[in-house]
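There are 2 protein chains.
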Amino acid sequence: MAKRITLRSEDYSQWYLDVIAAADMAEHSPVKGCMVIKPHGYAIWEMMQKILDLKFKEIGVENAYFPLLIPQSFLSREAEHVEGFAPEVATVTHAGGKKLEEPLVIRPTSETIIYEVFSNWIHSYRDLPLLINQWANVVRWEMRTRLFLRTTEFLWQEGHTAHATHDDADAFARKMLDVYVDFAENTLAVPVIPGQKSDSERFAGALRTYCIEAMMQDGKALQFGTSHNLGQNFAEAFKVKFSDENNVEQFVWQTSWGVSTRMIGGLIMTHSDDQGLVLPPRIAAVQAVIIPLWFKDEEKATVIEKAQSLLAELTAAGVRAKVDLRDGRPGEKLFHWEKKGIPVRIEIGPKDIAAGEVVVARRDTSEKQRMAFVDVATQVAGLMETIQQNLFDRAAKHRADNTVVATNWDDFVAAIEAGKFVLAHWSGDALDEKKIKTETNATIRCIPFSEAPSEGTCVFSSKPSTQRVIFARNY
Amino acid sequence: MAKRITLRSEDYSQWYLDVIAAADMAEHSPVKGCMVIKPHGYAIWEMMQKILDLKFKEIGVENAYFPLLIPQSFLSREAEHVEGFAPEVATVTHAGGKKLEEPLVIRPTSETIIYEVFSNWIHSYRDLPLLINQWANVVRWEMRTRLFLRTTEFLWQEGHTAHATHDDADAFARKMLDVYVDFAENTLAVPVIPGQKSDSERFAGALRTYCIEAMMQDGKALQFGTSHNLGQNFAEAFKVKFSDENNVEQFVWQTSWGVSTRMIGGLIMTHSDDQGLVLPPRIAAVQAVIIPLWFKDEEKATVIEKAQSLLAELTAAGVRAKVDLRDGRPGEKLFHWEKKGIPVRIEIGPKDIAAGEVVVARRDTSEKQRMAFVDVATQVAGLMETIQQNLFDRAAKHRADNTVVATNWDDFVAAIEAGKFVLAHWSGDALDEKKIKTETNATIRCIPFSEAPSEGTCVFSSKPSTQRVIFARNY
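Chains as they are written, first to last, in my numbering: chain A, 1 to 475; chain B, 476 to 950.
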C-alpha cells in the first residue's frame, strides 16, 4: 500500500497503473483481460451513469434491456460488421450440459440483436423516431489489455435509434455527440475535439462515425466516445421497415452511440499527478473529506464533534462531503485521501479548534489555506467551481501547447515523435493514411468540425487536399 | 395491440402474459429463454434499483463490479455449489478465434469469482466487515422460461459480505432480509413472509438460507428474495482468511443476498387486474398522467395549456406526473394508460375547463371523482398514499383469506388443491418433504420467523414436530 507512485517523467504507463492502485480503483481479475472495478472506481462510473442518463432522458431516450447472447448468424448479416467484430467475439458452444445447435456470441455491441427486435417494433412513420438506450456489459476479446482503457469485458451505454430520414438520423447522431462533448468538458473537465472519423477508422457497418478525442498528458490521443450515422446498412440487413405518410414501405435510418468505462482511464490520465488521482468535483462522489486529527485520546471527541458539525454545514451548502472517522496516524490519513483524488481535504485538529479555523487543502494545486469556521461551507462550495474550471483550463492549455500545424513531412514526423497533436493536410487517400501509420504510428484521430476547409497538399503524398485533419498516436 | 386481456378466472397464466403485452413491458427475444425488457418494464427495474441502492448505501454497502466470466474450475471448489449450478451454466469454449485452454462459464451467481478476489483484499480483522454489492446480469440455462419469473438471463443485485464471526454474519444476513421485507411491503405493497428455507431448498453452498415469500392472486407462492448465511464454506474453498486481534489466522464468515427482475413478475401478479397492469405509486416512474381530451381542433390549445399548468402543480407537490400530448381518440388514450397501470389518470376536456374541474380516475379501484382545479395537486398527492395502502391491504387480505392451518393429511391435500398457503407441522425429515412434494406438488416455502415453536405431529408422517411451516405450490 505504501508503494511509491512512479513519476510521470520516469514511466508514464507505470505511473497510470500506480495511480489506479494507490487510489484503489481497479485491479486485474483472475480472468485474463477482465478487471475488477473496486468501490472507488465504480463510484465514478455510477456518477457518470447518473449524469448521462438524465441527459438522455431529457432528450426523450428511453432505457431498455436486450439479451447478452446473440445468435452467431445475426452477426454475419451485415458484411462489414461481421468482418469488424467476428475476430474478437467470445462464443458459447455449450449450455445446460448440452452442445448448442447454433453457437451464441457474447455481445461485443448490440446492433444486430436490437435491430432484429426493432424490425418488430416499427411499422409506421408514427413509430419514429424510436430512441432507445441500454446500460450493459460487453465482451471483446482483446490481446493486450490495460485497466479501464482496454479490457476484455467493459461496461458501457449503447444508444440505438431509428428515424424516417437520413437527415433526421444524422442530426440525431450529431446531437448525441454534442451531449458527449458537454459531458466530457463540463462534467469531466476534459477538453475534447469533436469530428468525423476517416473511413478506415469508421465503426464496422456505419455510414459515418463521429467522435470526440482528448489529449492525455503524454500527448497521446484517447477516443472518448463515438456516435454513428448507420445509414440504412443495418435496416437492410435486418429488414427494419416502416410505412411512410404515403403508405410506401421504406427502410429506417439509424444511429448508435456509446461511451464506456474507458472514460475513467481518460479521466485519470488527464488530471492526475505524481501524488495520485485528481478528480474534478462534478464527477467526485465525495467532493470534500473532513479529516479530524488528534494526538491524544482525550482530544478525539472534540475534533470529531466539530467535524460532524462542519459536515452538516457542507451538506447543506450542496457539497458532497464525508468525515474520516478512522483511527490512524494523521499523516497517513491525509495521504490516503490525497491519493484518492478528493478535490478538497479539510483538516481539523485541537489547535485549529482553539483558533476557530480549519486547514483546507486543494487537490488540484496542493495549495493550503486557513478558513474560519463560519466561512467553510460557503468557501468550499465556491472552491468546487474554481477547481472544476482550473482542471479544465489546465488540460486545455496542455492541449494547446502540444498541438502544432505541420506543413511538411519532416516537421510532421518530428512533431509526432515529440508526442504532439498534429494538424496537417490529407487528401482523403486511405493508402496514404495507412503508410503514415506504418511510418510514424500516428493515425487520423478525426477530421475536426472546427477546422474550416482550406486548400493545401497532403503532408505525406503532396496530393491536393481540401482539409486539415488531426494526427496523433493514440491509446 | 387491441387484443383483449384474458380474464384471470379463465386462464391465470395467459392473463399474466396478456398483462405484460398490453402494458408493453417485455417480450420474448430471438434468443431462446432470454427476454427483451421494454421501456415500461425497465422503468420499474430502474425504480427498484434506485430505492434499494440507497438502502444498501445507508447500511454501508459499497458497489463494485466483477467479471461476467468465471473459470470453470472455480465453480468446482465448493462441492455443493458446483452440484447446484453446474447443470445450468452456459460455457464459453472459444474466444478471439481460438479454443480456450480452460473453458469459462457465464456467471450464474458470483460467489466463486468474488471470494477468490476477497482472499486478496482481506488480511486483518481491520478489513472486516467487508460489505460489497454488484448490479449485474447472470445466466442460468432454464428449460422452461416465463417472462420476468424465470428467464435464462436476468438482472439482479448480489451482495457479498465477509465478517469476523458467525454471529456477525448471521445478523447481517438477517438485516438484509429485513431490508427486502421493508422494500417488498412498503415500496412494492407486496406482503411477504420472512423465514428460513428447509435444507433441501437451501442455496447450494450455504449454511442457512433466509427468504421472503409472497402469495400471488392464484394462491401460488413466489420467492421474492433470499439472504444466505454462507458460514465458512466458501471461505475454506477460496482461502479467505484474516488475522484476528490475537494475530491468529481465521477463515471469514460470509453472507450473500439478492433480488432480481423476477420481483417485477411478482409485482404484476400481486396487484394487476382484468384491465391490465396495476402499479403501486411508490414504484411507478409515472404516478399520474394528465390526459387532455379534445374533439375539435380549436379546443386542443386550451386543454393542453391547462394540462401543462396542472403538471407544474403536481410536480411541485412531489407527484411524478406527465401529460399525454399524443393525438388520438380520447377513449384509446384513456385505455392506453389504464393498461399501463398508472396509479392515477386525470382527464381534462373542454367541458371540464368550463366547470373548473377535472375527472380523476384511480387505477386500483377504477373509481372516478371530480376535483376542482385548486384541489388537484394536494388531493392527488394524498391519493398516492391511499392507493399504496389500499394495494397492500388488499393483497394482505387475499393472503389471510387463503391461508389455512391443516392438522391432518386430507385437509392438507384439499387446501393445497384449492390453492391455499397451508401452515402445518413437519418433523424436519427431508424424505417426508420430498414425498409431500411428489404427492401434492407443494413445497415448504419457509419456516416462518413469526411462527412460535409448538408441539405437534407431522401432517404427513405423524412424526413428532416442534414447528409449523408453510407449504404451497410455487412459481
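By construction, the Cβ of each residue, glycine as well, lies at the ideal position given by its N, Cα and C atoms.
Within chain A, partners of residue i - CB distance below 8 angstroms
| i | result |
| --- | --- |
| B/Val506 | Pro67, Leu69, Ile70, Pro71, Leu104 and Ile113 |
| B/Asn612 | Leu68, Ala136 and Asn137 |
| B/Cys509 | Pro67, Leu68 and Leu69 |
| B/Glu521 | Asn63 |
Three-state secondary structure (DSSP) of residue i
| i | result |
| --- | --- |
| B/Met476 | Bear in mind that a pLDDT of 47 at B/Met476, under 50, signals an unreliable position, so the model cannot answer this. |
| A/Gly382 | helix |
| A/Thr255 | strand |
| B/Ser1023 | A query on residue 1023 of chain B cannot be resolved here, the shown segment of chain B reaching from 476 to 950 and no further. |
| B/Pro923 | strand |
| B/Pro939 | strand |
| B/Thr745 | helix |
| A/Asn186 | helix |
| B/Gly740 | helix |
| A/Ile348 | strand |
| A/His123 | coil |
| B/Phe946 | strand |
| B/Met651 | helix |
Straight-line gap, residue i to residue j (C-alpha atoms, nearest Å)
| i | j | result |
| --- | --- | --- |
| B/Cys509 | B/His503 | 6 angstroms |
| A/Leu391 | A/His81 | 39 angstroms |
| B/Trp769 | B/Ser784 | 17 angstroms |
| A/Ala289 | A/Pro281 | It should be noted that the sequence gives Val, not Ala, for residue 289 of chain A. If you take the alpha carbons of A/Val289 and A/Pro281, they lie about 12 angstroms apart. |
| B/Ile828 | B/Ile766 | 13 angstroms |
| B/Lys695 | B/Glu688 | 10 angstroms |
| A/Ser450 | A/Tyr65 | 36 angstroms |
| B/Glu533 | B/Ala712 | 31 angstroms |
| A/Gly318 | A/Ala381 | 7 angstroms |
| A/Leu128 | A/Lys197 | 27 angstroms |
| A/Lys300 | A/Ile20 | 32 angstroms |
| B/Ala681 | B/Thr745 | 29 angstroms |
| B/Arg552 | A/Arg202 | 45 angstroms |
| A/Glu185 | A/Ala395 | 10 angstroms |
| A/Pro67 | B/Val506 | 7 angstroms |
Min CB distance residue i to chain A below 8 angstroms
| i | result |
| --- | --- |
| B/Ala539 | yes |
| B/Val592 | yes |
| B/Pro514 | yes |
Where residue i falls, given that 16 or more other Cβ within 10 Å makes a residue buried
| i | result |
| --- | --- |
| A/Val374 | exposed |
| B/Ser702 | buried |
| B/Thr853 | exposed |
| A/His166 | exposed |
| A/Gly276 | buried |
| A/Gln217 | buried |
| B/Gln844 | exposed |
| B/Glu807 | exposed |
| B/Lys814 | buried |
| A/Glu367 | exposed |
| A/Gly545 | Lying outside 1 to 475, the shown extent of chain A, residue 545 of chain A is not represented and no answer is given. |
| B/Val934 | buried |
Below-8 angstroms beta-carbon distance, residue i vs any chain B residue
| i | result |
| --- | --- |
| A/Ala95 | yes |
| A/Glu153 | yes |
| A/Thr91 | yes |
| A/Pro330 | no |
| A/Glu245 | no |
| A/Tyr42 | yes |
| A/Pro464 | no |
Neighbour list for residue i in chain B, Cβ cutoff strictly below 7 angstroms
| i | result |
| --- | --- |
| A/Ile51 | The premise fails here: A/Ile51 is roughly 15 angstroms from chain B at the closest Cβ pair, so nothing lies under 7 angstroms. |
Residues that residue i contacts on chain B, provided the C-beta gap is smaller than 9 angstroms
| i | result |
| --- | --- |
| A/Pro108 | Chain B residues near A/Pro108: none, gap ~11 angstroms exceeds 9 angstroms. |
| A/Glu88 | Ala570, Gly571 and Gly572 |
Interface residues of chain A facing residue i [CB-CB closer than 7 angstroms]
| i | result |
| --- | --- |
| B/Trp616 | Ala95 and Gly96 |
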